[in-house]
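In our numbering, the protein residues as written are 1078 to 1372.
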(Lines of atoms letter the chains of each structure in order from A and count residues from 1; the text may use other names and numbers.)
(Lines give C-alpha, C1' and ligand atoms only; values in the text may rest on other atoms or scores of the structure.)
Protein backbone atom coordinates (compact mmCIF):
# COMPACT_ATOMS: atom_id res chain seq x y z
CA UNK A 1 0.00 0.00 0.00
CA UNK A 2 1.31 3.54 -0.76
CA UNK A 3 2.87 5.38 2.16
CA UNK A 4 0.65 8.24 3.17
CA UNK A 5 3.59 10.53 3.95
CA UNK A 6 5.51 9.59 0.80
CA UNK A 7 3.06 8.64 -1.96
CA UNK A 8 5.86 7.62 -4.36
CA UNK A 9 6.68 4.59 -2.21
CA UNK A 10 4.83 1.62 -0.73
CA UNK A 11 5.53 -0.68 2.20
CA UNK A 12 5.72 -4.31 1.11
CA UNK A 13 5.84 -6.45 4.27
CA UNK A 14 6.66 -9.63 2.33
CA UNK A 15 9.36 -8.39 -0.07
CA UNK A 16 12.52 -8.49 2.03
CA UNK A 17 14.74 -11.58 2.15
CA UNK A 18 14.68 -13.54 5.41
CA UNK A 19 16.19 -16.82 6.59
CA UNK A 20 14.30 -16.55 9.88
CA UNK A 21 10.57 -17.10 10.53
CA UNK A 22 10.05 -13.31 10.62
CA UNK A 23 9.13 -11.37 7.49
CA UNK A 24 11.26 -8.37 6.46
CA UNK A 25 9.29 -5.38 5.17
CA UNK A 26 10.76 -3.20 2.42
CA UNK A 27 9.98 0.16 0.91
CA UNK A 28 9.39 -0.25 -2.82
CA UNK A 29 8.84 2.22 -5.62
CA UNK A 30 5.13 2.81 -6.16
CA UNK A 31 5.34 1.88 -9.85
CA UNK A 32 6.99 -1.41 -8.91
CA UNK A 33 4.33 -2.02 -6.27
CA UNK A 34 1.54 -1.48 -8.81
CA UNK A 35 3.29 -3.65 -11.41
CA UNK A 36 3.59 -6.49 -8.91
CA UNK A 37 -0.09 -6.19 -8.00
CA UNK A 38 -1.05 -6.36 -11.68
CA UNK A 39 1.23 -9.35 -12.17
CA UNK A 40 -0.53 -11.25 -9.37
CA UNK A 41 -3.92 -10.36 -10.83
CA UNK A 42 -2.80 -11.73 -14.20
CA UNK A 43 -1.64 -14.98 -12.62
CA UNK A 44 -4.98 -15.36 -10.86
CA UNK A 45 -6.78 -14.79 -14.16
CA UNK A 46 -4.77 -17.67 -15.62
CA UNK A 47 -5.78 -19.87 -12.67
CA UNK A 48 -9.42 -18.97 -13.29
CA UNK A 49 -9.02 -19.99 -16.92
CA UNK A 50 -7.46 -23.28 -15.82
CA UNK A 51 -10.40 -23.95 -13.51
CA UNK A 52 -12.75 -23.39 -16.44
CA UNK A 53 -11.14 -26.05 -18.65
CA UNK A 54 -13.71 -28.83 -18.77
CA UNK A 55 -11.32 -31.37 -20.28
CA UNK A 56 -8.96 -31.42 -17.27
CA UNK A 57 -9.30 -33.57 -14.17
CA UNK A 58 -9.02 -32.05 -10.70
CA UNK A 59 -5.47 -33.37 -10.41
CA UNK A 60 -4.50 -31.92 -13.79
CA UNK A 61 -5.94 -28.52 -12.90
CA UNK A 62 -3.98 -28.45 -9.66
CA UNK A 63 -0.78 -29.25 -11.55
CA UNK A 64 -1.42 -26.39 -13.99
CA UNK A 65 -2.37 -23.79 -11.37
CA UNK A 66 0.12 -21.06 -10.47
CA UNK A 67 -1.28 -20.54 -6.95
CA UNK A 68 -2.49 -23.39 -4.70
CA UNK A 69 -6.22 -23.54 -4.05
CA UNK A 70 -7.69 -23.87 -0.58
CA UNK A 71 -9.03 -27.33 0.26
CA UNK A 72 -10.57 -26.87 3.72
CA UNK A 73 -13.27 -29.21 4.96
CA UNK A 74 -16.63 -27.61 5.71
CA UNK A 75 -16.70 -25.58 8.92
CA UNK A 76 -17.80 -27.91 11.72
CA UNK A 77 -19.77 -25.19 13.52
CA UNK A 78 -20.03 -21.42 13.08
CA UNK A 79 -18.44 -21.02 16.52
CA UNK A 80 -15.31 -22.76 15.21
CA UNK A 81 -14.57 -19.97 12.73
CA UNK A 82 -12.56 -17.96 15.30
CA UNK A 83 -12.77 -14.17 15.21
CA UNK A 84 -10.05 -11.57 15.58
CA UNK A 85 -9.79 -10.30 19.17
CA UNK A 86 -11.33 -6.96 20.05
CA UNK A 87 -9.15 -4.01 21.03
CA UNK A 88 -8.22 -4.32 24.70
CA UNK A 89 -8.82 -8.08 24.76
CA UNK A 90 -5.89 -10.00 26.28
CA UNK A 91 -4.39 -12.70 24.05
CA UNK A 92 -4.14 -15.95 26.00
CA UNK A 93 -2.54 -19.34 25.25
CA UNK A 94 -4.39 -21.79 23.04
CA UNK A 95 -6.41 -24.21 25.16
CA UNK A 96 -5.28 -27.80 25.71
CA UNK A 97 -8.34 -29.03 23.84
CA UNK A 98 -7.55 -26.84 20.82
CA UNK A 99 -3.92 -28.00 20.71
CA UNK A 100 -4.90 -31.65 21.06
CA UNK A 101 -7.51 -31.44 18.30
CA UNK A 102 -5.18 -29.63 15.92
CA UNK A 103 -2.39 -32.09 16.70
CA UNK A 104 -4.74 -34.98 15.93
CA UNK A 105 -5.63 -33.39 12.58
CA UNK A 106 -1.91 -33.06 11.84
CA UNK A 107 -1.27 -36.74 12.58
CA UNK A 108 -4.31 -37.80 10.54
CA UNK A 109 -3.17 -35.71 7.57
CA UNK A 110 0.44 -36.89 7.74
CA UNK A 111 -0.71 -40.51 7.82
CA UNK A 112 -2.13 -40.03 4.31
CA UNK A 113 0.79 -38.04 2.84
CA UNK A 114 3.45 -39.53 0.58
CA UNK A 115 6.89 -39.47 2.16
CA UNK A 116 8.09 -37.11 -0.59
CA UNK A 117 5.64 -34.43 0.62
CA UNK A 118 6.67 -34.80 4.25
CA UNK A 119 10.34 -34.54 3.31
CA UNK A 120 9.75 -31.48 1.12
CA UNK A 121 7.88 -29.72 3.92
CA UNK A 122 10.48 -30.63 6.55
CA UNK A 123 13.30 -29.46 4.27
CA UNK A 124 11.59 -26.08 3.84
CA UNK A 125 10.80 -25.38 7.50
CA UNK A 126 13.97 -26.78 9.12
CA UNK A 127 16.68 -25.36 6.83
CA UNK A 128 16.91 -21.54 7.15
CA UNK A 129 18.90 -21.14 3.95
CA UNK A 130 16.33 -23.17 2.00
CA UNK A 131 13.48 -21.19 3.55
CA UNK A 132 15.18 -17.98 2.42
CA UNK A 133 16.19 -19.08 -1.08
CA UNK A 134 12.90 -20.69 -2.12
CA UNK A 135 10.82 -17.86 -0.68
CA UNK A 136 13.06 -15.26 -2.35
CA UNK A 137 12.41 -16.89 -5.72
CA UNK A 138 8.66 -16.90 -5.11
CA UNK A 139 8.77 -13.25 -4.10
CA UNK A 140 10.80 -12.28 -7.17
CA UNK A 141 8.12 -13.77 -9.43
CA UNK A 142 5.10 -12.54 -7.41
CA UNK A 143 4.32 -16.17 -6.61
CA UNK A 144 4.61 -17.57 -10.15
CA UNK A 145 5.77 -21.13 -9.45
CA UNK A 146 6.49 -21.75 -13.14
CA UNK A 147 9.28 -19.15 -12.99
CA UNK A 148 11.27 -21.53 -10.75
CA UNK A 149 13.61 -24.30 -11.86
CA UNK A 150 12.01 -27.71 -12.36
CA UNK A 151 13.58 -29.01 -9.15
CA UNK A 152 12.35 -26.06 -7.09
CA UNK A 153 8.90 -26.24 -8.67
CA UNK A 154 8.70 -29.86 -7.58
CA UNK A 155 9.47 -29.01 -3.96
CA UNK A 156 7.05 -26.07 -3.88
CA UNK A 157 4.21 -28.17 -5.31
CA UNK A 158 4.92 -30.96 -2.82
CA UNK A 159 4.71 -28.47 0.04
CA UNK A 160 1.49 -27.09 -1.51
CA UNK A 161 -0.01 -30.60 -1.49
CA UNK A 162 1.17 -31.27 2.07
CA UNK A 163 -0.64 -28.13 3.26
CA UNK A 164 -3.73 -29.09 1.27
CA UNK A 165 -3.74 -32.53 2.92
CA UNK A 166 -4.00 -30.87 6.32
CA UNK A 167 -6.68 -28.46 5.11
CA UNK A 168 -8.86 -31.38 4.02
CA UNK A 169 -8.90 -32.57 7.65
CA UNK A 170 -9.47 -29.08 9.06
CA UNK A 171 -13.01 -28.04 10.00
CA UNK A 172 -12.08 -25.00 12.11
CA UNK A 173 -10.74 -21.48 11.72
CA UNK A 174 -7.46 -19.97 12.91
CA UNK A 175 -6.23 -16.74 14.44
CA UNK A 176 -2.49 -16.73 13.79
CA UNK A 177 0.53 -14.58 14.64
CA UNK A 178 3.56 -13.86 12.45
CA UNK A 179 6.45 -11.46 13.08
CA UNK A 180 7.32 -8.73 10.57
CA UNK A 181 10.42 -6.55 10.89
CA UNK A 182 9.94 -2.99 9.65
CA UNK A 183 12.61 -0.89 7.82
CA UNK A 184 15.87 0.03 9.56
CA UNK A 185 14.85 3.54 10.65
CA UNK A 186 11.85 2.32 12.64
CA UNK A 187 12.10 1.95 16.43
CA UNK A 188 9.82 1.54 19.43
CA UNK A 189 9.00 5.26 19.42
CA UNK A 190 7.82 5.61 15.82
CA UNK A 191 6.61 2.04 15.17
CA UNK A 192 2.96 2.69 16.19
CA UNK A 193 2.66 5.75 13.94
CA UNK A 194 4.42 4.03 11.06
CA UNK A 195 2.02 1.10 11.23
CA UNK A 196 -1.08 3.30 11.40
CA UNK A 197 0.14 5.44 8.49
CA UNK A 198 0.94 2.49 6.25
CA UNK A 199 -1.58 -0.20 7.17
CA UNK A 200 -4.99 1.44 6.95
CA UNK A 201 -8.26 -0.45 7.30
CA UNK A 202 -9.21 -1.89 3.92
CA UNK A 203 -5.67 -1.92 2.50
CA UNK A 204 -4.56 -5.17 0.85
CA UNK A 205 -1.43 -7.16 1.67
CA UNK A 206 -0.01 -9.97 -0.48
CA UNK A 207 2.08 -12.89 0.78
CA UNK A 208 3.95 -14.39 -2.19
CA UNK A 209 6.06 -16.46 0.20
CA UNK A 210 5.22 -19.29 2.54
CA UNK A 211 4.61 -17.81 5.99
CA UNK A 212 5.61 -19.09 9.42
CA UNK A 213 3.07 -18.38 12.16
CA UNK A 214 1.84 -19.63 15.52
CA UNK A 215 -1.53 -19.70 17.28
CA UNK A 216 -0.23 -17.75 20.31
CA UNK A 217 1.00 -14.16 20.55
CA UNK A 218 3.36 -14.88 23.45
CA UNK A 219 4.97 -17.68 21.43
CA UNK A 220 5.50 -15.53 18.34
CA UNK A 221 6.84 -12.68 20.48
CA UNK A 222 9.46 -15.08 21.86
CA UNK A 223 10.86 -15.91 18.42
CA UNK A 224 12.65 -12.59 17.87
CA UNK A 225 15.26 -10.48 19.60
CA UNK A 226 14.05 -6.93 19.02
CA UNK A 227 16.17 -4.41 20.96
CA UNK A 228 15.32 -1.58 18.55
CA UNK A 229 11.56 -2.12 18.65
CA UNK A 230 11.21 -2.62 14.88
CA UNK A 231 9.19 -5.84 14.92
CA UNK A 232 5.41 -5.83 14.71
CA UNK A 233 3.11 -8.84 14.56
CA UNK A 234 0.53 -9.77 11.96
CA UNK A 235 -2.58 -11.11 13.70
CA UNK A 236 -4.52 -12.82 10.95
CA UNK A 237 -7.82 -14.62 10.59
CA UNK A 238 -7.86 -17.49 8.11
CA UNK A 239 -8.84 -21.11 7.56
CA UNK A 240 -5.73 -21.86 5.49
CA UNK A 241 -2.50 -23.63 6.23
CA UNK A 242 -1.18 -26.59 8.19
CA UNK A 243 -0.68 -27.01 11.93
CA UNK A 244 2.91 -28.11 12.64
CA UNK A 245 2.78 -27.78 16.43
CA UNK A 246 2.41 -30.26 19.25
CA UNK A 247 -0.37 -31.32 21.61
CA UNK A 248 -0.84 -29.78 25.06
CA UNK A 249 2.40 -31.32 26.34
CA UNK A 250 4.51 -28.58 24.74
CA UNK A 251 4.09 -24.84 24.17
CA UNK A 252 4.48 -25.22 20.41
CA UNK A 253 1.66 -24.17 18.09
CA UNK A 254 3.58 -23.54 14.86
CA UNK A 255 1.56 -23.21 11.66
CA UNK A 256 2.66 -23.07 8.02
CA UNK A 257 0.62 -20.79 5.76
CA UNK A 258 0.49 -21.36 2.00
CA UNK A 259 2.09 -19.08 -0.55
CA UNK A 260 -0.03 -16.77 -2.67
CA UNK A 261 -2.29 -15.36 0.03
CA UNK A 262 -4.11 -12.02 -0.10
CA UNK A 263 -5.21 -10.31 3.09
CA UNK A 264 -7.15 -7.20 4.05
CA UNK A 265 -6.07 -4.90 6.86
CA UNK A 266 -8.65 -4.66 9.66
CA UNK A 267 -6.71 -2.27 11.88
CA UNK A 268 -3.67 -1.60 14.07
CA UNK A 269 -3.57 -1.85 17.85
CA UNK A 270 -1.32 -2.55 20.81
CA UNK A 271 -2.20 -6.03 22.04
CA UNK A 272 -1.46 -7.44 25.49
CA UNK A 273 -0.75 -11.12 26.02
CA UNK A 274 -0.35 -13.61 28.85
CA UNK A 275 2.01 -16.61 28.72
CA UNK A 276 1.38 -20.00 30.39
CA UNK A 277 3.68 -19.06 33.30
CA UNK A 278 1.56 -15.98 34.03
CA UNK A 279 4.03 -13.45 32.62
CA UNK A 280 2.60 -10.68 30.47
CA UNK A 281 3.69 -8.41 27.65
CA UNK A 282 2.42 -6.42 24.71
CA UNK A 283 3.13 -6.05 21.01
CA UNK A 284 1.97 -3.79 18.20
CA UNK A 285 -0.22 -5.88 15.91
CA UNK A 286 -1.65 -5.38 12.44
CA UNK A 287 -4.90 -7.32 12.17
CA UNK A 288 -5.49 -9.01 8.82
CA UNK A 289 -8.41 -10.95 7.35
CA UNK A 290 -7.86 -13.58 4.65
CA UNK A 291 -9.47 -12.53 1.36
CA UNK A 292 -7.57 -14.86 -0.97
CA UNK A 293 -9.69 -15.58 -4.08
CA UNK A 294 -11.04 -19.13 -4.14
CA UNK A 295 -10.71 -19.75 -7.87
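For glycine and all other residues, C-beta sits at the position ideal for the given N, C-alpha and C.
Residue i versus residue j: straight-line alpha-carbon distance, rounded
i, j, result
"residue 1335", "residue 1343", "21 Å"
"residue 1089", "residue 1103", "5 Å"
"residue 1222", "residue 1152", "29 Å"
"residue 1264", "residue 1254", "20 Å"
"residue 1306", "residue 1134", "50 Å"
"residue 1358", "residue 1270", "20 Å"
"residue 1313", "residue 1252", "6 Å"
"residue 1097", "residue 1137", "34 Å"
"residue 1239", "residue 1116", "26 Å"
"residue 1345", "residue 1131", "44 Å"
"residue 1275", "residue 1286", "21 Å"
"residue 1332", "residue 1087", "28 Å"
"residue 1190", "residue 1119", "32 Å"
"residue 1356", "residue 1328", "14 Å"
"residue 1148", "residue 1340", "18 Å"
"residue 1150", "residue 1186", "12 Å"
"residue 1169", "residue 1249", "18 Å"
"residue 1317", "residue 1113", "23 Å"
"residue 1194", "residue 1337", "19 Å"
"residue 1200", "residue 1311", "25 Å"
"residue 1196", "residue 1210", "17 Å"
"residue 1156", "residue 1085", "43 Å"
"residue 1171", "residue 1177", "10 Å"
"residue 1320", "residue 1212", "19 Å"
Range covered by the alpha helix (DSSP H) that runs through residue i
i, result
"residue 1331", "Counting along the chain, residue 1331 falls outside any alpha helix (DSSP H), though it belongs to the beta strand (DSSP E) covering 1331 to 1334."
"residue 1147", "Segment: none, residue 1147 is in no alpha helix (DSSP H) and carries neither H nor E."
"residue 1350", "Premise fails: residue 1350 lies in the beta strand (DSSP E), 1338 to 1351, not in any alpha helix (DSSP H)."
"residue 1270", "1268 to 1275"
"residue 1210", "1205 to 1217"
"residue 1242", "1227 to 1246"
"residue 1298", "1294 to 1298"
"residue 1290", "It is not in any alpha helix (DSSP H) - residue 1290 instead sits in the beta strand (DSSP E) that spans 1288 to 1291."
"residue 1223", "It is not in any alpha helix (DSSP H) - residue 1223 carries neither H nor E in the DSSP assignment."
"residue 1309", "Premise fails: residue 1309 lies in the beta strand (DSSP E), 1308 to 1315, not in any alpha helix (DSSP H)."
"residue 1174", "1173 to 1189"
Residue i, buried or exposed, once every other Cβ within 10 Å from all chains shown has been counted against 16
i, result
"residue 1192", "exposed"
"residue 1277", "exposed"
"residue 1372", "exposed"
"residue 1289", "buried"
"residue 1261", "exposed"
"residue 1108", "exposed"
"residue 1101", "buried"
"residue 1232", "buried"
"residue 1184", "exposed"
Whole-angstrom C-beta distance between residue j and residue i, which should lie under 8 Å
i, j, result
"residue 1259", "residue 1309", "6 Å"
"residue 1322", "residue 1330", "4 Å"
"residue 1182", "residue 1247", "6 Å"
"residue 1301", "residue 1099", "6 Å"
Where the beta strand (DSSP E) through residue i begins and ends
i, result
"residue 1100", "1100 to 1106"
"residue 1255", "1251 to 1258"
"residue 1169", "Note, residue 1169: premise wrong, no beta strand (DSSP E); not H, not E."
"residue 1369", "Taken as a continuous stretch (DSSP letters only), residue 1369 belongs to no beta strand (DSSP E), as it is neither H nor E."
"residue 1088", "1086 to 1093"
**Message:** Would the region 1288 to 1295 count as touching the region 1351 to 1371 if we require 3 or more Cβ pairs under 8 Å?
**Reply:** yes
**Request:** Give a yes or no on contact between the region 1270 to 1289 and the region 1362 to 1370, applying the rule of three or more CB pairs nearer than 8 Å.
**Result:** yes
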